[in-house]
Structures are given as structure tokens and as C-alpha cells.
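In the order they appear, the protein sequences are chains A and B.
So for the first sequence, our numbering puts the first residue at 266; every next one is plus one.
So for the second sequence, our numbering puts the first residue at 266; every next one is plus one.
Every residue, glycine too, gets a C-beta built ideally from N, C-alpha and C.
Small disclaimer: the values here were computed from a predicted structure and weren't measured.
A quick write-up on the structure given underneath.
Number of protein chains: 2
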Amino acid sequence: MTEAEKARSQMREGHWTGPTVYKVPGFVQCNLVILGKPNAYDFLLYCQRNPKACPLIEVTDPGDPVPHLSAPGADLRTDLPRYRVFENGKAAGDMTDIRALWNPDSVAFLFGSSLTFDHALARLGIPPSEDVWVFDTSLETVRAGRFHGPLVVTMRLMSRQQAITATQLTTRYIYTHGAPIHIGAPGEIGVDLGHPLVGRPLECIPESQIPLFWACGVTPQQAAVHSGIDHMITHAPGHGFVTDLQADRTCLP
Amino acid sequence: MTEAEKARSQMREGHWTGPTVYKVPGFVQCNLVILGKPNAYDFLLYCQRNPKACPLIEVTDPGDPVPHLSAPGADLRTDLPRYRVFENGKAAGDMTDIRALWNPDSVAFLFGSSLTFDHALARLGIPPSEDVWVFDTSLETVRAGRFHGPLVVTMRLMSRQQAITATQLTTRYIYTHGAPIHIGAPGEIGVDLGHPLVGRPLECIPESQIPLFWACGVTPQQAAVHSGIDHMITHAPGHGFVTDLQADRTCLP
């Protein structure tokens with residue numbers, strides 16, 4: 266059994282309900298969005314039009330909870346530690362098993378998460394930040410049908426030398442958001458340091474550091490929420506799906 | 266007016282009906298597939314599942330012939346030099362204007378063509394081959410709904426040193442097929458040198474050269490043909506769509 270299979274097994278049995286952040290290194294971790302088939306075409310097109318925010322790892326066939334390409338032994342209804350259920354665009358509660366909500370027209374979208382390249386950054390001497398920030402921006406994504414909304418970004422602070430290394434490295438990780446979309450000058454993309462979606466508010470960036478911004482997997486979730494989708498299920502923040510895919514393999518397109 | 270705009274204008278006016286191979290350098294060239302909306306979801310999913318063979322540059326909204334993201338001033342019904350019309354899976358003739366066949370549920374899929382990186386290879390001292398080969402392989406693509414079929418590849422012959430350079434370079438061109446899928450040993454992927462789909466039959470590869478194989482944009486066309494689609498329109502082979510996108514820009518994901 267691989268570490269990925271062990272982790273999913275523990276989640277399926279209900280023994281692992283906590284975050285996956287910095288866990289199970291070496292395997293691609295995914296964000297999850299589950300929608301009904303009637304909205305799947307526009308959502309798939311939204312992902313195609315916004316590939317840096319929505320790097321698709323796999324889209325399942327309607328009603329089939331098995332991600333045959335990225336984790337053939339898994340079941341997406343039970344193998345995440347925690348799910349978030351949305352009703353009419355509002356979070357309606359978390360669950361650790363969504364078998365009761367799965368139906369024959371459910372389609373699961375798996376997006377590569379930047380958690381995947383954090384391990385690679387660490388191997389290059391750029392340790393995981395103590396803080397992770399998520400911000401809204403003033404940049405609009407490209408609309409597809411009912412799906413639209415702002416680009417959401419993650420922010421990492423690092424030294425100027427590390428910023429170059431991190432740009433080089435993440436350029437290769439095209440299935441987990443790729444290169445940064447912006448570097449320095451948060452205000453230029455409408456980032457308000459005092460009002461993050463996730464993380465502690467900041468007054469300013471320390472002189473010795475520079476902020477790097479990557480497109481964030483929260484973007485497609487937000488687009489679905491804003492579009493007024495009746496029913497949607499996602500992973501709970503920080504509680505991702507662990508695939509069988511090798512992180513260092515998916516950076517070789 | 267850019268060279269791309271000039272080229273499209275000539276095609277629209279009917280003054281350019283010939284190939285685009287090695288023409289309009291610097292701009293991304295695309296292969297085209299037009300299908301009806303009822304088949305668009307499965308075809309889009311087929312592309313997502315086979316990204317090296319089907320690198321999507323843009324998918325238009327139903328009935329809208331303007332590729333707003335890759336060439337906002339263009340019209341996909343008139344701005345290719347030559348189209349091929351398929352009826353019930355068979356080529357039914359070529360046209361230079363498809364306005365009469367376009368309808369409110371038509372969806373156009375544009376795929377980055379490897380013609381795009383041929384210019385970049387030339388700048389690195391790897392001149393365009395005198396011959397271009399296209400082969401069927403024994404590799405199967407990943408099915409999506411009714412769409413399935415073999416991976417089709419292009420073959421280029423070069424020196425062993427050039428093969429390394431070409432692999433490095435094309436790795437970056439993820440929207441125009443990316444890195445080779447195979448190098449040397451044609452038989453290992455079921456390539457029969459004596460029976461190319463395009464190009465002159467070969468008995469063997471010269472000792473001083475090595476064959477490199479890239480996933481080919483003929484793959485999604487063949488999948489559509491094999492699936493028994495009633496109506497489909499594509500570009501005529503070698504007669505691509507010239508976008509406004511800078512070739513050297515799309516290699517920076």
C-alpha cells in the first residue's frame with residue numbers, strides 16, 4: 266500500500282478527518298467541486314478558459330465516483346477527510362461522507378492544488394510559510410455561461426532570491442497552478458493586505474521579503490457560489506483529495 | 266495591421282486558399298473542429314483527458330463564430346484558407362467559406378498546432394524537415410463518451426543532439442503538444458514506417474538520425490470521425506487558423 270492509499274483508507278474509515286496540508290508528500294493533492302450534469306459543460310468550459318486558476322486533473326463520468334485516471338482505487342464520496350456542502354450559494358455544513366448526497370448525474374471535478382508544489386519548494390530550501398494567505402483580486406476571470414467571478418490568489422512571502430527560484434520551479438507545475446500570476450505590489454492586482462479571505466491581516470510586507478501570488482483553486486468554487494448553483498459539494502478548505510499521481514511527474518507535461 | 270490580421274483578411278477575401286505551413290511565423294496556428302452543441306460536452310471532456318493530443322486554445326460559445334480570446338477580430342466561418350466538411354464520418358468535400366453550414370448550436374474548438382513550435386526549432390538551428398510524417402499508433406487515447414480512438418503522432422527526424430534540444434524546447438510549448446511522447450524505436454508505439462497517414466513511406470531511419478514523435482492534432486479529428494458524428498467541419502490539412510496569440514508567449518504557462 267502506498268502512502269496515498271493508506272491516507273485515503275484512513276479517511277474512508279473515518280479515522281482521518283483533519284487537514285491534508287503538508288501531509289502525504291510526493292502525491293498530487295486536489296481540490297474538489299461536485300456539480301450536477303446540467304451545469305457541467307459550462308463549468309468545464311470555465312475551467313478551460315481559466316487554466317491557471319482551474320488546472321483540471323480529472324473530471325469523472327456522471328454518477329461514477331471513481332477517479333479512474335488519478336486514483337483508480339478511490340471513491341470520491343468517502344475518501345476525502347472532510348467535505349463542504351453548499352445550498353443556493355451558501356455553505357450549509359461539513360460532512361465526512363457524502364454517499365447520501367451523491368446521485369446519478371453527479372460530476373466530480375478535481376483540481377491540482379498548490380499544496381503539491383509546496384513540498385518541492387521545501388526541497389529547494391524554501392520552507393512552508395507559517396502563514397498562508399488567500400485574497401480576492403480585482404482581476405476578473407473569463408466567463409463561461411453562468412460561471413464568472415474574480416480571480417482568487419494565494420500569497421507567499423519569501424526573499425527576493427527565493428522568489429526567482431520559486432518562479433522557475435512552479436513554472437513547471439502546470440497542473441497545480443503553474444508560475445505566479447503576480448510578484449510584489451499587491452495593490453496592482455487589487456489585493457488588500459488588511460482583508461484576506463484566509464490568514465491574518467497585514468499592515469505591510471516586511472522590507473526583506475516580497476509577496477508572490479499564485480492563482481488559487483478557491484476561484485472555481487467561488488465562481489460556482491456566485492453563479493447561484495443550487496447544490497454543490499466541495500472539499501473543506503485544507504482538506505484535499507490525495508491522488509496516486511506523483512507530484513514530480515505531473516510537472517513534466 | 267499585424268501579419269496575422271493581414272493573413273486572415275486575405276483568407277476572408279478568398280485571396281489566400283493555400284496552406285499555412287511555415288507561414289505567418291510568430292503567431293500561434295490552430296487546428297479547428299466544429300461540432301454541434303449536443304456533442305460538445307463529451308468532446309470537451311475528451312480534450313481534457315488527452316491534453317497532449319488536444320491542447321485547447323479556445324472553445325467558442327454556441328453560435329458565436331468569433332474567437333474572442335485568441336483573435337477577437339476574426340470570424341471562424343471565413344478566416345481559414347480551406348475547410349473540410351465531414352458527413353457521417355466521411356470527408357464530403359472542401360470549402361473556403363462555411364457560412365452556409367454554420368448554425369446557432371455550432372461550437373468551434375481551436376487546438377494549438379505544432380506548426381507553432383517549428384519556427385522556434387528553426388531559430389535553434391533545427392530547420393523544418395523536408396518531409397512531415399503523420400502516423401497512427403497502437404496507443405489508445407482516453408475515452409470520453411462516444412469519443413475514442415488511437416493516438417496519432419507527427420514524426421520529425423533529427424540528429425541526436427538536436428533531439429535533446431527539441432525536447433527541451435517543446436516541453437515549454439504545452440499549448441502546441443508539448444514534449445515528444447516517444448523517441449526512437451517506432452515499433453514500440455506501433456508506428457509502421459511503411460504506412461504513414463501523411464508523408465512518403467520509409468524503409469528505415471538513417472543511422473545518423475533519430476525519430477521524435479509528438480502527439481498530433483489529427484487525433485481529436487479522427488476520434489470525431491470514428492465516433493460516427495453526423496456533421497463536422499475541420500480545417501483542411503495544413504490549412505490552419507492564424508490567431509493573434511504570440512507563439513513565444515503561450516510557452517509561458
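Task: Nonlocal neighbours in the same chain, by C-beta distance under 6 Å from C312 of chain A, ignoring five residues either side - done: C319 and L321
Open item on the list: Between S403 of chain B and I454 of chain B, how many whole angstroms is the CB-CB distance? I'm expecting something under 8 Å.
Closed with: 6 Å
Open item on the list: Is there a C-beta anywhere in chain B that falls below 8 Å from the one on A450 of chain A?
Closed with: no
Task: L309 of chain B classed as buried or exposed, judged by whether at least 16 other C-beta atoms fall within 10 angstroms - done: buried
Task: For V418 of chain A and H447 of chain A, the rounded distance between their alpha carbons - done: 9 Å
- [ ] Establish whether the CB of Y311 of chain B and some CB of chain A are separated by less than 8 Å.
- [x] no
Task: Outcome for S371 of chain B when other beta-carbon atoms lying within 10 angstroms are tallied against a minimum of 16 - done: buried
Task: Interface residues of chain A facing I446 of chain B [CB-CB closer than 7 Å] - done: Neighbours of I446 of chain B on chain A: none; closest Cβ ~11 Å, over 7 Å.
Task: Limits of the unbroken alpha helix (DSSP H) element including H384 of chain A - done: L380 to R388
Open item on the list: Output needed in chain order: residues of the region 319–346 of chain A with a Cβ under 7 Å from some Cβ in chain B.
Closed with: L321, V324 and L334
Task: Outcome for P369 of chain B when other beta-carbon atoms lying within 10 angstroms are tallied against a minimum of 16 - done: exposed
Open item on the list: Could you check whether the Cβ of V407 of chain A sits closer than 8 Å to any Cβ belonging to chain B?
Closed with: yes
Task: Check whether R381 of chain B and A512 of chain B have beta carbons under 8 Å apart - done: The residue asked about is misnamed: residue 381 of chain B is Thr in this sequence, not Arg. Yes. Within cutoff.
TODO: Would you verify that the beta carbon of Y287 of chain B is, or is not, closer than 8 Å to some beta carbon of chain A?
DONE: no
Task: Close-in-space but distant-in-sequence residues of the same chain around K317 of chain B (CB under 7 Å, 5 per side omitted) - done: H442, G443, I446 and A480
Task: Residues in the region 288–308 of chain A having any Cβ partner in chain B nearer than 9 Å - done: K302, A305 and Y306
TODO: Tell me, please, whether the CB atom of I213 of chain B is closer than 8 Å to any CB atom in chain A?
DONE: The displayed coordinates of chain B run from 266 to 518. Any statement about residue 213 of chain B would go beyond what the structure contains.
- [ ] Would you kindly work out how many angstroms separate the C-alpha atoms of H496 of chain A and F351 of chain A, rounded to a whole number?
- [x] 6 Å
Task: Q487 of chain A versus A:P330, A:T267, A:D383 and A:N353, residue with shortest Cα-Cα distance - done: A:N353
Open item on the list: So, with DSSP's three-state summary, where would you put V314 of chain B?
Closed with: The sequence given here places Arg at residue 314 of chain B; Val does not occur at that position. Looking at R314 of chain B - three-state DSSP - the assignment turns out to be helix.
TODO: Can you grab the Cα-Cα spacing for the pair E278 of chain B / G464 of chain A, in whole Å?
DONE: 57 Å
- [ ] Figure out for me which residue from A:T325, A:Q433, A:L462 and A:P337 has the closest Cα to the Cα of V399 of chain A.
- [x] A:L462
Open item on the list: Quick check on this structure: which residue in B:R388, B:L416, B:P466 and B:L297 has the alpha carbon closest to the alpha carbon of D340 of chain B?
Closed with: B:L297
Task: C-beta neighbour in chain B for I494 of chain A, strict 8 Å - done: no
Task: For R347 of chain A and I363 of chain A, believed in contact at Cβ under 8 Å, the rounded distance - done: About 10 Å separates the two Cβ atoms, so there is no contact after all.
Open item on the list: Considering only the alpha carbon of each residue, which of B:L416, B:T325, B:A336 and B:P337 lies closest to F374 of chain B?
Closed with: B:T325
TODO: Can you say whether D401 of chain B is buried or exposed, counting buried as having 16 or more other CB atoms within 10 angstroms of its CB?
DONE: buried
Open item on the list: Let's test the definition: count the other Cβ atoms within 10 Å of the Cβ of G414 of chain B and tell me whether it reaches 16, buried, or not, exposed.
Closed with: buried
Open item on the list: Could you check whether L345 of chain A and L386 of chain A sit closer than 8 Å to each other, using their CB atoms as the reference points?
Closed with: no
Open item on the list: Based on DSSP bridge pairs, tell me the residues matched to W479 of chain B.
Closed with: B:T419
Task: Nearest residue (CA-CA) to D329 of chain B, options B:P502, B:D359, B:Y306 and B:K302 - done: B:K302
Task: Option in A:A357, A:S424, A:E472 and A:R411 with minimal Cα separation from A305 of chain A - done: A:R411
Open item on the list: Give me, in chain order, the residues of the same chain whose beta-carbon lies closer than 8 Å to that of G493 of chain B; leave out the 5 immediate sequence neighbours on both sides.
Closed with: N353, G354 and R411
- [ ] Give the single residue among B:P284, B:C295, B:L422 and B:R437 whose Cα lies nearest to the Cα of D396 of chain B.
- [x] B:L422
- [ ] Return helix, strand or coil for S335 of chain A, following the three-state DSSP convention.
- [x] coil
- [ ] Keeping to the same chain, check which residues put their C-beta closer than 6 Å to that of H384 of chain B; ignore five residues upstream and five downstream.
- [x] P290
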